[in-house]
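Engineer: Quick one: this structure, given as structure tokens, is what I'll be asking you about.
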Amino acid sequence: MPIIGIVGKPANDSKSLWTKQKITDDFRKIIVKNGGIAIGVLPTNVDYDEFMTQSEKENFHKILKLCDGFILQGGWQTGKHEIYVAKYAIENDVPLLGTCCGLNNILFSQGDKVQKERNEAHNIYDKDYRHDIVIDESSKLYKIIGQNRKISVNSIHNVMIKDSDVKHFDIVAHDLNGFVEAVELKNKIFCLGVKWHPEIMENDELMQNLMKKFIQSCDEYHKRISET
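Residue numbers (our numbering): 17 to 244.
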């Protein structure tokens, strides 16, 4: 069974006495339902917003090596450990899925960027809200979701991405206004970042196919590593 690391997401509330790292349970449930084991990946440095020392990196690698795949979650804040996981996964060809801010962190890991301007038209806090996107027919994403060129997705973000922001990835989906909605690396087992939240689209067969394919890729990675 593949072990899939859900990377802890900073979720600090200025009104709270506690600092927190978030693990979205929707991801855990999907992993378990599809035959995987979910674990939380938490930073080994005290301050998640600081770069890790060499010894902290070595400790972090002990966690990362347990995993056959990684999920980078959405959210308002980013810890440097999230970007580090994306870089580690890409360099070692470990399956990687990023949603919403997770896509941003995948881009950051290779020196790409996002738009500082916020677009509230995309920030609709409703898992059933949809807008259309158009998918590149030559992409892995197109094959994964059943060869559909145009699909509807939810939209719970306000930081946008333009084509000019992306230098190191294959852009594989746009919304109808031309903003980037998904990127991938075609030469990797599974490296995909999407701007929407497939984990809460439980009644959408295409999005469930996407999650299943990711977990299958993690299982393939697990079997390959086990044989070496």
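Ideal Cβ placement from N, Cα and C applies to all residues, glycine included. Since we're looking at a predicted model, the values are computed, not measured.
On the premise that V199 lies in contact with F185, defined as a C-beta separation below 8 Å, what is that separation, rounded to the nearest angstrom?
Structural biologist: Position 169 of the sequence shown, counting from 1, holds the residue named residue 185. Position 183 of the sequence shown, counting from 1, holds the residue named residue 199. So it is a contact: roughly 4 Å between Cβ atoms.
Engineer: Tell me which residue opens and which closes the alpha helix (DSSP H) that F230 is part of.
Structural biologist: Working through the sequence shown from its first residue, we reach residue 230 at position 214. Taken as a continuous stretch (DSSP letters only), the alpha helix (DSSP H) holding F230 covers E221 to E243.
Engineer: Restricting to Cα atoms, I'd like to know which of I205, H147 and W212 is closest to E236.
Structural biologist: As a first step, residue 236 is located in the sequence shown; it is residue number 220 there, counting from the start. Of the listed residues, the one whose Cα sits closest to E236 is I205.
Engineer: Taking the beta strand (DSSP E) that L88 belongs to, which residues open and close that run?
Structural biologist: For the purposes of this step, residue 88 is taken as residue 72 along the sequence shown, with counting starting at 1. Counting along the chain, the beta strand (DSSP E) containing L88 begins and ends at G85 to L88.
Engineer: Could you tell me which residues DSSP puts in a beta bridge with N139?
Structural biologist: Residue mapping note: residue 139 aligns to position 123 of the sequence shown, counting from 1. N139 pairs with I172.
Engineer: Do you know offhand how far I20's Cα is from E215's?
Structural biologist: Position 4 of the sequence shown, counted from the start, is the residue given in the question as residue 20. Position 199 of the sequence shown, counted from the start, is the residue given in the question as residue 215. The straight-line gap from Cα to Cα measures roughly 14 Å.
Engineer: Looking only at DSSP bridge pairs, what is G114 linked to?
Structural biologist: For the purposes of this step, residue 114 is identified with residue 98 of the sequence shown, where counting begins at 1. Looking at the DSSP assignment, G114 forms a beta bridge with L88 and G209.
Engineer: What's the C-alpha gap between F76 and L222?
Structural biologist: Numbered from its first residue, the sequence shown carries residue 76 at position 60. Numbered from its first residue, the sequence shown carries residue 222 at position 206. Distance between the alpha carbons of F76 and L222: 34 Å.
Engineer: Starting from H184, trace the beta strand (DSSP E) in both directions and tell me its first and last residue.
Structural biologist: Start at 1 with the first residue of the sequence shown, and residue 184 comes out as number 168. H184 -> no beta strand (DSSP E), and no H or E assigned at all.
Engineer: Work out the CA separation of T115 and I172 for me, nearest whole Å.
Structural biologist: Indexing the sequence shown from 1 puts residue 172 at position 156. Indexing the sequence shown from 1 puts residue 115 at position 99. One C-alpha to the other measures close to 10 Å.
Engineer: From the DSSP output, read off the bridge partner residues of H147.
Structural biologist: For the purposes of this step, residue 147 is taken as the residue at position 131 of the sequence shown. Answer is V169, bridged to H147.
Engineer: Kindly indicate if chain D contains any beta-carbon less than 9 Å away from that of R146.
Structural biologist: Judged by its chain identifiers, the structure shown contains no chain D, having just a single protein chain.
Engineer: If you count every other CB in all the chains shown that lies within 10 Å of the CB of Q70, and 16 or more means buried, which is it?
Structural biologist: Taking the sequence shown and counting its residues from 1, the one referred to as residue 70 is at position 54. Exposed: under 16 other Cβ atoms inside 10 Å.
Engineer: Cα separation between N61 and E72?
Structural biologist: Indexing the sequence shown from 1 puts residue 61 at position 45. Indexing the sequence shown from 1 puts residue 72 at position 56. Rounded to whole angstroms, N61 to E72 spans 6 Å at the Cα level.
Engineer: In three-state DSSP terms, what is Q37?
Structural biologist: The sequence position of residue 37 within the sequence shown is 21, counting from 1. Strand, per DSSP.
Engineer: Pull up the distance between the alpha-carbon of D144 and that of N170, whole angstroms please.
Structural biologist: Against the sequence shown, residue 144 aligns to sequence position 128. Against the sequence shown, residue 170 aligns to sequence position 154. If you take the alpha carbons of D144 and N170, they lie about 6 Å apart.
Engineer: Following the continuous beta strand (DSSP E) through V101, name the residue where it begins and the one where it ends.
Structural biologist: Along the sequence shown, read from residue 1 onward, the residue named residue 101 stands at position 85. Run containing V101: none in the beta strand (DSSP E); it sits in the alpha helix (DSSP H), K96 to N108.
Engineer: Rounded to a whole number of angstroms, what is the C-alpha to C-alpha distance between K31 and K239?
Structural biologist: For the purposes of this step, residue 31 is taken as residue 15 along the sequence shown, with counting starting at 1. For the purposes of this step, residue 239 is taken as residue 223 along the sequence shown, with counting starting at 1. The straight-line gap from Cα to Cα measures roughly 45 Å.
Engineer: Which partner residues does K25 have in the DSSP bridge list?
Structural biologist: For the purposes of this step, residue 25 is taken as the residue at position 9 of the sequence shown. Note: K25 sits in a beta bridge opposite K38.
Engineer: What three-state label does DSSP hand I19 in the structure shown?
Structural biologist: As a working note, residue 19 is residue 3 in the sequence shown. Three-state DSSP puts I19 in a strand.
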